[in-house]
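>
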Amino acid sequence: MAIVGTDTTKHAHRIHRPRVDALGLKVAAVPQSTDATCAPASPRSAHQSAHAPPRLSSLVARLSSSSYARREKMGKRWIPLEANPDVMNQFIWGLGVTEGEAQFCDVYGLDDELLAMVPQPVLAVIFLYPLTSLDEKVEEYDASATSTAGGKDSSEKVYFTKQTVGNACGTVGVIHAIGNAASDIKLVEGSYFDRFYKQTADMDPVQRAVFLEEDDEMEGAHSVAATAGDTDVNVEVNEHFVCFSCVDGELYELDGRKSKPISHGPSSPETLLQDAAKVIKARIATNPNSLNFNVMVLSKQ
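Position 164 of the sequence shown, counting from 1, maps to 661 under this note's numbering, and the rest follow consecutively.
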């Protein structure tokens, strides 16, 4: 994984495989890096291969706002995912995305010449950032972003879920990425993802969050992926994943900590990466001394 910035062609950075936090937990950052210039991820070792997730248990979900509030207070936490395309790919291929249909790839910088190297077409952008500079201003940021985009409400076609499980933001980002690229990705019929999106299609974001929290199959698959990375497992981390998707000609930031998708204005499938990069550059500028940033894309093969 590469640490991204606005000028990585001029400055060498450390490869950093940060694990991520969720729900704005106030914890200490964990430095987990190796001195090296940015380079493609190393091949996965044998012990990092994907394992078949457990079968979906029967679900009796209490889909109400009060149950959602109780879950937030309970503080259920998973092991955080590593910002690693190899891990993410084994994760999605094991859950129903056909291998060869789509894959996650690193983005090594946000300058035009580096964005041009990213495999196209881009279906979604996944951004990892430290919460330290922003978690106290989430409400201000939401209002500002919506205002900048003209206050437009999100399209009904946007697939969005809240997040009630700590450290699940990587999985929630993947769910947002695939859920908003459904027309471009052929899922294996009867696979986990195929069933998940069909079962949650008519749910609201809170109901989807409760469904996900009580879903033993996803929890098992997440656990396998979270222990397949290159860094030591640590639940005390301070980074957060969000997803950027283009739906109905709008760029949306999908963050399970927030109440709804955040529109960042007009976009298109062809300009999704460049449009998301502009938002990401602005986010990085708020915390210029941190190396804990990472960008990946979900690209159609």
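Every residue, glycine too, gets a C-beta built ideally from N, C-alpha and C. Nothing here was measured: the structure is a model prediction, and the numbers come from that model.
1) For a quick check, are the C-beta atoms of residue 750 and residue 776 less than 8 angstroms apart?
2) According to DSSP, is residue 791 helix, strand or coil?
3) Which runs of the beta strand (DSSP E) fall wholly inside the region 720-768 and span at least 3 residues, in chain order?
4) On the premise that residue 624 lies in contact with residue 741, defined as a C-beta separation below 8 angstroms, what is that separation, rounded to the nearest angstrom?
5) Secondary structure at residue 682, three-state DSSP: helix, strand or coil?
6) Can you grab the Cα-Cα spacing for the pair residue 694 / residue 700, in whole Å?
7) Roughly how many whole angstroms lie between the Cα atoms of residue 616 and residue 675?
8) For residue 684, which residues in the same chain have their Cβ closer than 7 angstroms to its Cβ, ignoring the five residues on either side in sequence?
9) With C-beta atoms as the reference, is residue 794 less than 8 angstroms away from residue 602?
10) Here's a check: name, in chain order, each residue in its chain whose Cβ is nearer than 6 angstroms to the Cβ of residue 586, leaving out the five neighbours to either side.
11) Taking 6 angstroms as the limit between beta carbons, can you name the residues of its chain near residue 673, skipping five residues before and five after?
12) Determine, for residue 695, whether the minimum Cβ-Cβ distance to residues of chain B falls below 8 angstroms.
13) Can you tell which of 786, 607, 580, 584 has its C-alpha closest to the C-alpha of residue 778?
14) Can you give the Cα-Cα distance for residue 707 and residue 787, rounded to whole angstroms?
15) Alpha carbon to alpha carbon, what distance is there between residue 688 and residue 663?
16) Given this structure, state the Cα-to-Cα distance separating residue 736 from residue 725, to the nearest angstrom.
17) Can you look up residue 627 in the DSSP assignment and give me helix, strand or coil?
18) Please tell me whether residue 657 and residue 627 are closer than 8 angstroms, where the distance is taken between their beta carbons.
19) Would you grab the beta carbon distance between residue 769 and residue 619 for me? Rounded to a whole angstrom, and I think it's under 8 angstroms.
20) The beta strand (DSSP E) spanning residue 657 covers which residue range?
21) Go through its chain and collect everything with a Cβ distance to residue 780's Cβ below 7 angstroms, but skip five positions before and after it.
22) So residue 575 packs on residue 720, CB below 8 angstroms; how close in whole Å?
23) Taking Cβ positions, are residue 798 and residue 579 nearer each other than 8 angstroms?
24) Check this for me: beta carbons of residue 743 and residue 760, under 8 angstroms apart or not?
25) Look at the Cβ atom of residue 753, then the Cβ atom of residue 696, and state whether they are nearer than 8 angstroms.
26) By how many angstroms is the C-alpha of residue 621 removed from the C-alpha of residue 609?
27) Would you list the residues sitting across from residue 587 in a DSSP beta bridge?
28) At which residues does the alpha helix (DSSP H) containing residue 674 begin and terminate?
29) Note down, in chain order, each residue of its chain lying with its Cβ closer than 7 angstroms to the Cβ of residue 667, except the 5 sequence neighbours on either side.
30) For the alpha helix (DSSP H) containing residue 704, list its first residue and its last residue.
Well, looking at it:
1) Yes, these two residues count as a Cβ contact at 8 angstroms.
2) In this structure, residue 791 counts as strand in the three-state DSSP scheme.
3) Runs found: 736-744, 747-751, 759-763.
4) Yes, they are in contact, since the Cβ atoms of residue 741 and residue 624 sit about 7 angstroms apart, within 8 angstroms.
5) Under the three-state reduction of DSSP output, residue 682 falls in the coil class, being neither helix nor strand.
6) Near 10 angstroms, if we compare the C-alpha coordinates of residue 700 and residue 694.
7) When rounded, the distance between both Cα atoms is 17 angstroms.
8) Here the set comprises 593, 594, 690, 691.
9) Yes, they are a contact pair.
10) Here residue 586 has 600, 601 as same chain residues with Cβ atoms under 6 angstroms from its own Cβ, once five neighbours each way along the sequence are excluded.
11) Contacts found: 740, 751.
12) The question asks about chain B, but that chain is absent: this structure has only one protein chain.
13) It is 607.
14) So the alpha carbons of these two residues sit roughly 33 angstroms apart.
15) Computed Cα separation, rounded: 25 angstroms.
16) Each residue's CA atom was taken as its position, placing residue 736 and residue 725 some 19 angstroms apart.
17) Residue state, collapsed to three classes: strand.
18) Not closer than 8 angstroms, so no.
19) Rounded, the Cβ-Cβ distance is 5 angstroms, consistent with contact.
20) The continuous stretches of beta strand (DSSP E) do not include residue 657, and DSSP gives it neither H nor E.
21) Taken in chain order, the residues that qualify are 626.
22) 7 angstroms between Cβ atoms; contact.
23) Against a cut-off of 8 angstroms, the Cβ pair of residue 579 and residue 798 comes out as no contact.
24) No Cβ-Cβ contact shorter than 8 angstroms links residue 743 with residue 760.
25) At the C-beta level, residue 753 and residue 696 stay beyond 8 angstroms of one another.
26) The straight-line gap from Cα to Cα measures roughly 18 angstroms.
27) Note: residue 587 sits in no beta bridge, so no partner.
28) Its alpha helix (DSSP H) spans residues 666-676.
29) Closer than 7 angstroms at the Cβ level, and outside the excluded window around residue 667, lie 517, 577, 578, 738.
30) Where residue 704 is concerned, the enclosing alpha helix (DSSP H) stretches over 702-710.
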